[in-house]
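In the working numbering, the protein residues as written are -10 to 324. Even glycine gets a Cβ: it sits at the ideal position worked out from N, Cα and C. I have placed the structure first, in the form of structure tokens, so that the comments after it can refer back to it.
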Amino acid sequence: SAFTPAVLAAAEVAATRAPTEHVDRTDWPFITLDPASSTDLDQAFTIDRVGDDLILHYAIADVAWFVNDADVLDTEAWQRGNTLYLPDGKAGLYPPVLAEGAASLLPDGPRPAVVFHVRLSPAGLATLDGAERAIIRSRAKLAYDTVKPTELPVDFEEFARRVTAAADARGAGALAPPEQAVERRDGGYRLEFRPRLASEEKNAALSLATNLAVADVMFDAGIGLFRVMAGPDERALRRLRHTAHAFGLAWGVDEALETFSRRLDPNQPADAAFVMAVRRAGGGADYVAFESGAKPWHAAMAATYAHVTAPLRRLADRYVVQTVLALANGQQVPE
């Protein structure tokens, strides 16, 4: 969980780097929505309507502005890979002066970001309208468990509804299991399960739409880093049917796994356990680079998919942000 003095010193210097390639979007009404205790805020958003389409302006922390390739911060990040959340703290991908300060989209001042403009059709098709480096100012740090509908953009609910409907139409597995957390209790530790709140599910739709849109941009350009996951094979499906029976879940003989999984409630223990079994049955998710003649596929998303929305916590996202920023502006992707 600790960083060396050299890395901490480099982060202090990086945190003072003034943005010079960013347009001013501080008058746009960005907000953040996260767990109440979060301070490493990767994402801020606002939503507009243009005709029947919704336009998500999704601001993502511009980590690459502070971290140069092969400098000490980059080298350290490659050793870590992603932020690890622990019972008594966390082991961050970057030092707190960046991850919880200069690069985090907190509402205490302007921050550099990369803003993805994602157009969502009435049918829930997400396409990238553009991307730009921008200075933004978050208006509010909202929390999943206390947020009120009046604090969110007018079309927040409709955006989430469209994304969910499109996922259902693709045959995507829509459920995520509740978060597992190790809590300190009475001098020991206890495994807890935190139910996913409705606000959290709807907020996830913003990331999903953006990740799908940027994946399409990279695939069409023939370059990029994709998130992939294989679906369960016939043997695994037979085993899953035994698992569902053992858990007392009614899975119709002729019902597809994706259809069945969308009927489950991930906040019920047996349902959540079955969702975890489905994830294990497919062999887990992985990253792959673009290869000519191969279409990267994420079975749970039923789509070509990428990770771009959490560069403060996932190393891979920093590279996808830079790739798509270049592609969206007709520039060569940095080597």
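Distance from the CA of Thr15 to the CA of Arg128, rounded to the nearest whole angstrom, comes to 10 Å. DSSP places Phe145 within a helical segment (H, G or I) once states are collapsed to three. Remark: fewer than three beta-carbon pairs, one from each stretch, lie closer than 8 Å, so the region 57 to 72 and the region 4 to 13 are not flagged as touching.
Ala317 is classed as buried because its beta carbon has at least 16 other beta carbons within 10 Å across all chains shown. Here Asp23 is buried. Its C-beta has 16 or more other C-beta atoms within 10 Å. Using a Cβ distance threshold of 8 Å, Glu1 and Val86 count as a contacting pair. Judged by pairs of C-beta atoms under 8 Å, the region 146 to 162 touches the region 242 to 254, as three or more such pairs exist. In this chain, the beta strand (DSSP E) harbouring Pro101 covers Arg100 to Leu109.
In this structure, Ser110 lies away from Leu30, with their beta-carbon atoms at least 8 Å apart. With contacts defined as CB atoms closer than 8 Å, Tyr47 and Val143 fail to qualify as a contacting pair. Rounded to whole angstroms, the Cβ separation of Leu238 and Phe263 is 6 Å, and the two are in contact under 8 Å. A contact between stretches requires three or more CB pairs, one per stretch, nearer than 8 Å, and the region 272 to 292 fails this requirement with the region 34 to 47. Inside the region 127 to 213, DSSP marks whole beta strand (DSSP E) runs of 3 or more residues at positions 130 to 132, 168 to 174 and 177 to 183, from first to last along the chain.
In the DSSP assignment, Thr15 falls outside any beta strand (DSSP E), carrying neither H nor E. Selection Gly282, Val103 and Tyr276 evaluated against Glu121 yields Val103 as nearest (Cα-Cα). The way I'd put it, the region 176 to 184 doesn't touch the region 271 to 288; fewer than three beta-carbon pairs between them come closer than 8 Å. Cβ-Cβ distances below 6 Å link Phe105 to Tyr47, Ala120 and Thr199 in the same chain, with the five nearest sequence neighbours on each side left out; the list follows chain order. Between Ala165 and Pro255 the beta-carbon gap is near 6 Å, inside 8 Å, which marks them as a contact. If you keep only unbroken beta strand (DSSP E) runs of at least 3 residues inside the region 221 to 270, you get nothing at all. Nearest C-alpha to Ala170 among Tyr74, Asp157, Pro(-6) and Pro258: Tyr74. Taken through DSSP and simplified to helix, strand or coil, Gln321 comes out as coil. In this structure, Ala299 keeps its C-beta atom at 8 Å or more from the C-beta atom of Met207. The beta-bridge partner set that DSSP reports for Asp275 consists of Val217.
With respect to the 8 Å criterion, Leu186 and Phe148 are not classified as neighbours on the basis of their beta carbons. The alpha-carbon of Asp60 is positioned some 15 Å away from that of Tyr308.
Where Arg69 is concerned, there is no enclosing beta strand (DSSP E), although the alpha helix (DSSP H) around it starts and stops at Val61 to Arg69. Annotation for Phe55: the continuous alpha helix (DSSP H) segment containing it runs Val52 to Phe55. DSSP places Leu82 outside any alpha helix (DSSP H), giving it a letter other than H or E.
Counting every other CB atom within 10 Å of its CB across the protein chains shown gives Arg303 a total of 16 or more, marking it as buried.
Counting along the chain, the unbroken alpha helix (DSSP H) around Glu1 starts and ends at Pro(-6) to Ala3. For Ala225, the closest alpha carbon among the candidates Gly213, Leu197, Glu247 and Val267 is that of Val267. Distance between Pro(-6) and Ala305, taken at the CA atoms: about 25 Å.
Phe34 and Ile20 have their C-alpha atoms roughly 6 Å apart. By the criterion of a C-beta distance shorter than 6 Å, Thr116 is surrounded in its chain by Arg108 and Ala202, once the five residues flanking it on both sides are discounted. Going by beta carbons, Ala132 and Ala25 fall inside the 8 Å limit. Nearest to Glu89 by C-alpha distance, out of Asp77, Asp13 and Val52, is Val52.
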